[in-house]
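J.: Would you mind keeping the following structure in view while I ask a few things?
Residue numbers (the working numbering): 100 to 372.
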């Protein structure tokens, strides 16, 4: 019974998702163009496919090429206007223009992890020369990054479903260990939208190919998107980082030790193994 209910909800969700995409495709809903290079890194499933490391690599490489880069994040778990205050503003028919939260302006960190959210703060810490801006409205965040911070390149973190910002390069990540999200859309499965929609991507990265390649998956993705460049990604630890300073140690330091692994990521198995 529960499976049947979840399947019905998945069908309803699929209809709504496809209808929204149809509205943008036929320009009934229009995407915004910001007049600069925009790169979106995202996926079709809920959970960890390794987006954040890919965002970091692209941002660092573009910055080293002389670009002024801003990462635009929705900022999950970040602090914003309290819910009760939003309700009160709506009841009293008042509005308040809240500027995007600037985690880093490309020169210095401006917010802590509690206010910014864990991932935006980590990106800002690892990329001192890259701006990181947090806002649910990525169009507003992008305009702010261009106008106030002088950025000429925007990277959307988890932006594949964010259709309000058009004229961009879409990079879709697919987890080799669970590429199809159980074969069903939310809430029965993990898919945010049907796999066929990967045809929107200009590049496809198959992540977590550490132990083996993914030739069958690559062929399937090629059928769904004949024009995209498809690459495989491997995630490997480089060193141990001290929590109490900037000291770094080789991985061999763990040899013969009893280790406790603590993780707070979407798919902890990828970290634990």
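All residues carry an ideal CB built from backbone N, CA and C; glycine is no exception.
Measure the alpha-carbon distance for residue 234 versus residue 242 and round it to whole angstroms.
T.: Taking the first residue of the chain shown as 1, we reach residue 234 at position 135. Taking the first residue of the chain shown as 1, we reach residue 242 at position 143. Distance between the alpha carbons of residue 234 and residue 242 is about 11 Å.
J.: State the Cα-Cα distance for the pair residue 347 and residue 153, rounded to the nearest angstrom.
T.: Looking up residue 347 in the chain shown gives position 248. Looking up residue 153 in the chain shown gives position 54. Taking the straight line joining both Cα atoms gives about 22 Å.
J.: Counting only beta-carbon separations shorter than 9 Å, does residue 217 have a partner in chain B?
T.: In the structure shown, chain B does not exist; there is a single protein chain.
J.: Using 8 Å for Cβ pairs, my map puts residue 309 next to residue 333. What's the rounded Cβ distance?
T.: Counting from 1 along the chain shown, the entry for residue 309 is found at position 210. Counting from 1 along the chain shown, the entry for residue 333 is found at position 234. Indeed they touch by this definition, with Cβ atoms about 5 Å apart.
J.: Tell me whether residue 118 is buried or exposed, calling it buried when 16 or more other Cβ atoms sit within 10 Å of its Cβ.
T.: Locating residue 118 in the chain shown gives position 19, counting from the first residue. Looking at its Cβ environment, which holds fewer than 16 other Cβ atoms inside 10 Å, residue 118 is exposed.
J.: Would residue 303 and residue 328 qualify as a contact pair, given that the criterion is a beta-carbon distance under 9 Å?
T.: For the purposes of this step, residue 303 is identified with residue 204 of the chain shown, where counting begins at 1. For the purposes of this step, residue 328 is identified with residue 229 of the chain shown, where counting begins at 1. Yes, Cβ-Cβ distance for residue 303 and residue 328 is below 9 Å.
J.: Is the number of C-beta pairs between the segment 197–211 and the segment 262–272 that are closer than 8 Å three or more?
T.: no
J.: Check whether the segment 248–255 touches the segment 130–138, counting contact only when three or more Cβ pairs, one atom from each stretch, lie closer than 8 Å.
T.: With the cut-off at 8 Å, the segment 248–255 and the segment 130–138 touch.
J.: From what residue to what residue does the alpha helix (DSSP H) around residue 215 run?
T.: Taking the first residue of the chain shown as 1, we reach residue 215 at position 116. Per DSSP, the unbroken alpha helix (DSSP H) holding residue 215 starts and ends at 212–215.
J.: Excluding five sequence neighbours on each side, which residues of the same chain lie with their C-beta closer than 7 Å to the C-beta of residue 159?
T.: For the purposes of this step, residue 159 is taken as residue 60 along the chain shown, with counting starting at 1. The residues are 226.
J.: Relative to the C-alpha of residue 129, which residue among 238, 283, 341, 297 is closest?
T.: What you label residue 129 is simply residue 30 of the chain shown in a count that begins at 1. When each option's Cα is compared against that of residue 129, the closest is 238.
J.: Do residue 352 and residue 361 come within 9 Å of each other at the CB atom, strictly closer than that value?
T.: Sequence index remark: in the chain shown, residue 361 carries index 262 (1-based). Sequence index remark: in the chain shown, residue 352 carries index 253 (1-based). No, they are not a contact pair.
J.: Name, in chain order, the residues that DSSP records as bridge partners for residue 191.
T.: As a first step, residue 191 must be located in the chain shown, where it is residue number 92. Bridge partners of residue 191: none, in fact.
J.: The beta strand (DSSP E) spanning residue 244 covers which residue range?
T.: Here residue 244 is taken as the residue at index 145 of the chain shown, counted from 1. Note, residue 244: premise wrong, no beta strand (DSSP E); alpha helix (DSSP H) at 237–246.
J.: Kindly indicate which three-state DSSP category residue 168 falls into: helix, strand or coil?
T.: Taking the first residue of the chain shown as 1, we reach residue 168 at position 69. Strand, per DSSP.
J.: Contact between the segment 165–173 and the segment 311–319: three or more CB pairs below 8 Å?
T.: no
J.: Where does the unbroken beta strand (DSSP E) through residue 138 begin, and where does it stop?
T.: For the purposes of this step, residue 138 is taken as the residue at position 39 of the chain shown. Its beta strand (DSSP E) spans residues 136–142.
J.: Give me the Cα-Cα distance between residue 282 and residue 229, rounded to the nearest whole angstrom.
T.: Indexing the chain shown from 1 puts residue 282 at position 183. Indexing the chain shown from 1 puts residue 229 at position 130. Residue 229 has its alpha-carbon roughly 37 Å from the corresponding atom of residue 282.
J.: What is the rounded straight-line gap between the Cα of residue 105 and the Cα of residue 280?
T.: Here residue 105 refers to the residue found at position 6 of the chain shown. Here residue 280 refers to the residue found at position 181 of the chain shown. Residue 105 and residue 280: Cα-Cα distance of roughly 15 Å.
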